[in-house]
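Comments concern the structure below.
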Amino acid sequence: MQSTATYDHDPASTQLLSRTWESPPGVLNWFTHVNHRQIGYRFVVTSLVFFALAGVLALIMRLQLISPENTLLGPDLYNQLFTMHGTTMMFFFAVPAMEGLGIYLAPLMIGTRDMSFPRLNAFGYYVYLIAGIALYTSLFLGMAPAAGWFSYVPLANIAFSEGRGMDFWTTMITFIEISALAAAVELIVTILKQRAPGMTLSRMPLFVWAILVMSFMIVFAMPTVMAGSVLLALDRAFFTQFFVAAGGGDPLLWQHLFWFFGHPEVYIIMVPALGIISSIIATFTQRPIFGYTALVLSLVATGFVSFGLWVHHMFTTGLPHLGLSFFTAASAMIAIPTGVQVFCWIASLWGARIRFATPMLFILGFFAIFVIGGLTGVMVASIPFDSQVHDSYFVVAHLHYVLIGGAVFPFFAGLYYWYPKMTGRLMSERLGRWSFALIFIGTNLTFFPMHQLGFEGMPRRVYTYLADMGWQDLNFAITLAAFVLGTGFLLTLINAVISRSRGDLAGSNPWQAETLEWATTSPPQNYNFRHLPVVSSRTPLWDQSDADRLECVAGLRADRRELLVTTLLEARAQSVLIMPNPSIWPFLLSLAVGFGFLGFMFEPWLFVVGFALSFFMIVGWLWPKKPWLDGEQSYDQSHDQC
Amino acid sequence: MNQFIGRMLTNRINPVHQISHAGLWLVLLCALSSGALAQLSTDTSLSQSALHPASSQAQDIELLWWIMFWASVIIFTAVMALLAWGLLSGRRRPSVLSSTASMRFVLVAGVAIPALVLSALVGGSLMLGRSIASTPPPDALQVRVTGWMWWWEIEYLDDNGEVVATTANEMHVPVDRPVAVELESGDVIHSFWVPRLQGKTDMVPGKTNNSWFTATETGEFRGQCAEFCGLQHALMAFVVIAQPEAEFANWLQRQASPASAPETEAAQNGLAVFEQNCGQCHRIRGTNAIGNLGPDLTHVASRSTLAAATLPNKRGHLAGWISDPQRIKPGNNMPRTLLSPQELDHLLVFLDSLD
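Protein chains in written order, with our numbering: chain A, 176 to 817; chain B, 410 to 764.
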């Protein structure tokens, strides 16, 4: 299905279009790129680097716990490591990885050339990068935060956590949320206003639906944790009393703010994963997924309900029982949309002749792991049961089953599935299978026994335990298993690096998939689509009347960056949007903002300097500039050729 | 099953092939879970196992767990079996479920059954939760436990709420009589958890939480802080000793009285060493040591453990703890005490006499 090849009837105009959308070559120009594919790709790669870092931290922690009363790490270093592990996995891997996939894929899947605010996109990436680098600098300087990724007050307050660690944490959390919000706002506008003509909401790919729901969740969830971390920063720097009981504040206020974000956070990670699963199942069964509408509704329902159950993280804090009961019911209720999804997928798989390539293996692995995590999730929604297992290793097991099953397996499936689109080459199938087998076995051997450790009374976040507790055998086995798991992940990373240059060439649509991202070359040209496609069904690539061509839009200028804006519900062509060119200003602005925030930790007045610098960068960013190439004005008038 | 394995081996090189791994996974998972279950009976001297309950509350929770466990086993097996069945049914002759059949399938398996199971679970756990969260009976023993970084202060209260006796890191309770525990914190959030007696309840600064339990057998039950509370969260433990009512009454009476005066000369010297070096932080009722930053040591020799249930209370351990507490619990709030060997010896003799 080389559907693009036949469009290129006019080489001169195609060349001009390519030049118009080109990201300037050269390393120095790296910081000027604003294209969604470059930014999305960087998000994915950077998030994988953080995933590897956090994984290494986990392995070091497992070495500490391999035997009772081990002295490999002291309590201080151990506490820094588990804080960094959780913070990295939640904020620096999972959300950016999913956003990265969304930023890369959503515009391709809806048939447009770029996102609505490319410069904001670039700014979001640099903010993320700066936050990550700063946080890891603090670790290597030996002053990383050590109050847990949840940073409960009063422990996280200045009275009990002196030093810069928590300042780094509050600043970087605020930072990473700025990045997430930028991406979310962009994805919402892009998805709602730039879909290819004819792609009504009910024809939108499920992955795009999932990204849309995720983005709305980010918009509502992230501000609460930003508010929380700003209040905490004020408590620490200026001795306000928001969370100080003695000063009339309330330590539980922090927990409410944190978990009002923190619980939806889990679903912010999982919802896009559900979209990935739907895409892959449809492709690998070669037929449309069953229950499109049910799947969309359950995605939306998951998004809504996930905001109603944050208090189940606080069942042991002594809140009144009647109030807690509401959250038990809400926590159990979220199992229903999840059940609908799972059974829609099973119905879709029913009787299909399936290709068991690596992406599909990860999806099947997802079913087993995620169902276990979901079942223990329903268990911890029960208040009395939770009072026994809360903050024990049972919950460590539960959350890793949910997050690895619900996010990492689908993400890796997506990585194998879309890798050829991003790089033009397939990942090695043999390495992929080995990687999958090790990850699947490693996950179960590492985390399943933790349920039992929890019942035996082993609390979370302990750097040591006494020899007489009877926990050493399981801990020993878990540590070995963790290295199996680590090896599995390492194989996929190696696979990704090697296949970049040595993998088999993929062609535009190696999996015979049905959605629009496969209607262009792999990797896509600078302009994504030579002609913007027109869509008349949910599975455009399977439903073309002529196998080689989609209907398309013509008439956009080739000498400047133009996009088609369509109506929100029906995706009727509405207007043409002129996009900005590559620019260094988003990068400079992120440096200025970073300087202000990081400087604030050392000298409060540096914030003012950062603020002033930011002002200049914004002026530079907004300075009017001619958006077209000189002397080459040209319209694409090849209506008849598409 | 052999057929699957054979197919898998022969097809390994082929990148896109048509076999089902689901069966293998099922076997693997069953093996895993049965292996883990076989171990569930592990028991050691310091067992904190929630599956060996020693109170009526912990027993109820254990029952709830086993119900949920078997329900989960059934659900998990059913989902995996459906998945495997669905995958296998297409191997020879691909087919599609009709959309009515699919719809019925999703409505029954994905909506109706979960809704029923979840309603039962929510109902059951709310009723149990209500009985656990209810106020304790009026004849309950009143105890106030305060969490500190990183030890436990335990105060026994009389009917008027006055403190009768204060101890640390060791709680004695009568069997078959409800014990009502008031939970407070002196610094950060801690959590009171004795898995064999009761689920955890947090100790939040500025707030008094309540928990209660009725021990149904005598014995020693270890508890451990469950909310991350900083450097030595890992070694913030304590023991609860459940004993017959009469024995408990004797113990309480003894704890309520001040320390007996040192009799030997060594013990008298030891008292002086204590008052000079330890009295700013520790208290021994009946002496000039009236510090309140660390545990009350009035009857320290009667306790079975040291350093918040980290070490058995033996003379050698006590000497090691006094000389270098940072080696045993790095980061704890007790500094090293520099004493001459003779001073240390006298101090130990004195502390030993505090039974």
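Glycine included, every Cβ here is placed at the ideal spot set by N, Cα and C. From a predicted model like this one, the values you see are computed outputs, not experimental measurements.
Alpha helix (DSSP H) segment containing residue 286 (chain A), residue limits: Here residue 286 (chain A) refers to the residue found at position 111 of the first sequence. It is not in any alpha helix (DSSP H) - residue 286 (chain A) carries neither H nor E in the DSSP assignment.
Members of the segment 623-649 of chain B near chain A, C-beta cut-off 9 Å: 631, 632, 633, 634, 635, 636, 637, 638, 639, 640, 641, 642, 643, 644 and 646
Nearest-angstrom Cα separation, counted from residue 467 (chain A) out to residue 637 (chain B): Position 228 of the second sequence, counting from 1, holds the residue named residue 637 (chain B). Position 292 of the first sequence, counting from 1, holds the residue named residue 467 (chain A). Between residue 637 (chain B) and residue 467 (chain A), the C-alpha separation is close to 44 Å.
Beta-carbon proximity of residue 765 (chain A) to residue 298 (chain A), cut-off 7 Å: The residue you call residue 765 (chain A) lines up with position 590 of the first sequence. The residue you call residue 298 (chain A) lines up with position 123 of the first sequence. Contact flag set, yes.
Interface flag, residue 545 (chain A) vs chain B, CB-CB below 7 Å: Within the first sequence, numbered from 1, the residue matching residue 545 (chain A) stands at position 370. No, residue 545 (chain A) does not count as interfacial toward chain B.
Check whether residue 343 (chain A) and residue 310 (chain A) have beta carbons under 7 Å apart: As a position in the first sequence, residue 343 (chain A) is number 168, starting the count at 1. As a position in the first sequence, residue 310 (chain A) is number 135, starting the count at 1. Yes, they are a contact pair.
Contacts of residue 563 (chain A) in chain B (Cβ-Cβ under 7 Å): If you number the first sequence from 1, residue 563 (chain A) lands on position 388. Chain B residues near residue 563 (chain A): 459, 470, 604 and 608.
Beta-carbon proximity of residue 556 (chain A) to residue 625 (chain A), cut-off 7 Å: On the first sequence, position 381 is the one that residue 556 (chain A) refers to. On the first sequence, position 450 is the one that residue 625 (chain A) refers to. Not a contact, by the Cβ cut-off of 7 Å.
7 Å Cβ cut-off: residues of chain A touching residue 484 (chain B): Along the second sequence, one-based indexing puts residue 484 (chain B) at 75. Residues of chain A passing the Cβ test: 550.
Residues of the segment 617-633 of chain A with Cβ closer than 9 Å to any Cβ of chain B, in chain order: 619, 620, 623, 624, 626, 627, 629, 630, 631, 632 and 633
Burial state of residue 673 (chain B) (16 or more Cβ within 10 Å): Taking the second sequence and counting its residues from 1, the one referred to as residue 673 (chain B) is at position 264. Result: exposed.
Candidates A:801, A:247 and A:729, of which the one nearest residue 185 (chain A) by Cα: Along the first sequence, one-based indexing puts residue 185 (chain A) at 10. Out of A:801, A:247 and A:729, A:729 has the C-alpha closest to the C-alpha of residue 185 (chain A).
Contacts that residue 683 (chain A) makes with chain B (C-beta to C-beta distance below 7 Å): The count along the first sequence starts at 1 and reaches residue 683 (chain A) at position 508. Within chain B, no residue comes near residue 683 (chain A); the closest Cβ sits about 18 Å away, beyond 7 Å.
Integer-rounded CB distance, given that residue 616 (chain B) should sit under 8 Å from residue 493 (chain A): As a first step, residue 493 (chain A) must be located in the first sequence, where it is residue number 318. As a first step, residue 616 (chain B) must be located in the second sequence, where it is residue number 207. Confirmed, about 6 Å.
Under the three-state DSSP convention, the category residue 519 (chain A) falls into: Mapped onto the first sequence, residue 519 (chain A) falls at position 344. Correct three-state label for residue 519 (chain A): helix.
CA-to-CA distance, residue 247 (chain A) to residue 640 (chain B), given in whole angstroms: In the second sequence, counting from the first residue as 1, residue 640 (chain B) sits at position 231. In the first sequence, counting from the first residue as 1, residue 247 (chain A) sits at position 72. Distance between the alpha carbons of residue 640 (chain B) and residue 247 (chain A): 15 Å.
Burial state of residue 640 (chain A), where buried means 16 or more other Cβ atoms lie within 10 Å: The residue labelled residue 640 (chain A) in the question sits at position 465 within the first sequence. Under this definition residue 640 (chain A) is a buried residue.
Listed by chain order, chain A residues near residue 503 (chain B) by CB distance under 8 Å: Taking the first residue of the second sequence as 1, we reach residue 503 (chain B) at position 94. Ordered by position in chain A, the residues that pass the 8 Å Cβ test against residue 503 (chain B) are 526, 527 and 528.
Contact set for residue 451 (chain B): own chain, Cβ-Cβ below 7 Å, skip 5 residues either direction: Within the second sequence, the letter at position 42 stands for residue 451 (chain B). Low confidence applies to residue 451 (chain B): its pLDDT is 44, below 50, so where it sits in the model is not reliable enough to give any reading.
Three or more C-beta pairs below 8 Å linking the segment 380-387 of chain A and the segment 462-482 of chain A: yes
Residue 634 (chain A) - partner residues in DSSP beta bridges: Working through the first sequence from its first residue, we reach residue 634 (chain A) at position 459. Answer is A:567, bridged to residue 634 (chain A).
Three-state secondary structure (DSSP) of residue 443 (chain A): Looking up residue 443 (chain A) in the first sequence gives position 268. DSSP places residue 443 (chain A) in helix when its eight states are reduced to three.
Where the alpha helix (DSSP H) containing residue 211 (chain A) begins and where it ends: Numbered from its first residue, the first sequence carries residue 211 (chain A) at position 36. Element bounds for residue 211 (chain A): 211-239.
Through-space distance from residue 265 (chain A) to residue 609 (chain A), alpha-carbon basis: Stepping through the first sequence from its first residue, residue 609 (chain A) is reached at position 434. Stepping through the first sequence from its first residue, residue 265 (chain A) is reached at position 90. Computed Cα separation, rounded: 26 Å.
Every unbroken alpha helix (DSSP H) within the segment 765-805 of chain A, with a cutoff of 4 residues, ordered by chain: 781-797
Buried or exposed (CB count within 10 angstroms, at least 16 for buried), residue 800 (chain A): For the purposes of this step, residue 800 (chain A) is identified with residue 625 of the first sequence, where counting begins at 1. With fewer than 16 other Cβ atoms within 10 Å, it is exposed.
CB contact flag (residue 587 (chain B), residue 459 (chain B), <7 Å): Indexing the second sequence from 1 puts residue 587 (chain B) at position 178. Indexing the second sequence from 1 puts residue 459 (chain B) at position 50. Contact flag unset, no.
Length of the line joining the Cα atoms of residue 353 (chain A) and residue 763 (chain B): The count along the first sequence starts at 1 and reaches residue 353 (chain A) at position 178. The count along the second sequence starts at 1 and reaches residue 763 (chain B) at position 354. Distance between the alpha carbons of residue 353 (chain A) and residue 763 (chain B) is about 60 Å.
Within chain A, partners of residue 523 (chain B) - CB distance below 8 Å: The residue you call residue 523 (chain B) lines up with position 114 of the second sequence. 510, 511 and 514, listed in chain order.
Cβ contact (3+ pairs, closer than 8 Å) linking the segment 533-549 of chain A and the segment 605-621 of chain A: yes
Strand pairing of residue 705 (chain B), partner residues [DSSP]: Position 296 of the second sequence, counting from 1, holds the residue named residue 705 (chain B). For residue 705 (chain B), which the question treats as bridged, DSSP gives the partners B:692.
Where residue 648 (chain A) falls: helix, strand or coil (DSSP): Translated into the one-based positions of the first sequence, residue 648 (chain A) becomes position 473. Helix.
Residue-chain proximity (residue 549 (chain B), chain A), Cβ-Cβ < 7 Å: Along the second sequence, read from residue 1 onward, the residue named residue 549 (chain B) stands at position 140. No, because no Cβ of chain A sits closer than 7 Å to the Cβ of residue 549 (chain B).
Every unbroken alpha helix (DSSP H) inside the segment 470-541 of chain A [4 residues or more]: 496-508 and 510-524
Residue span of the beta strand (DSSP E) that contains residue 750 (chain A), given as start and end: In the first sequence, counting from the first residue as 1, residue 750 (chain A) sits at position 575. Residue 750 (chain A) -> beta strand (DSSP E) spans 748-753.
Three-state secondary structure assigned by DSSP to residue 244 (chain A): Locating residue 244 (chain A) in the first sequence gives position 69, where the first residue counts as 1. Of the three classes helix, strand and coil, the one that applies to residue 244 (chain A) here is coil, per DSSP.
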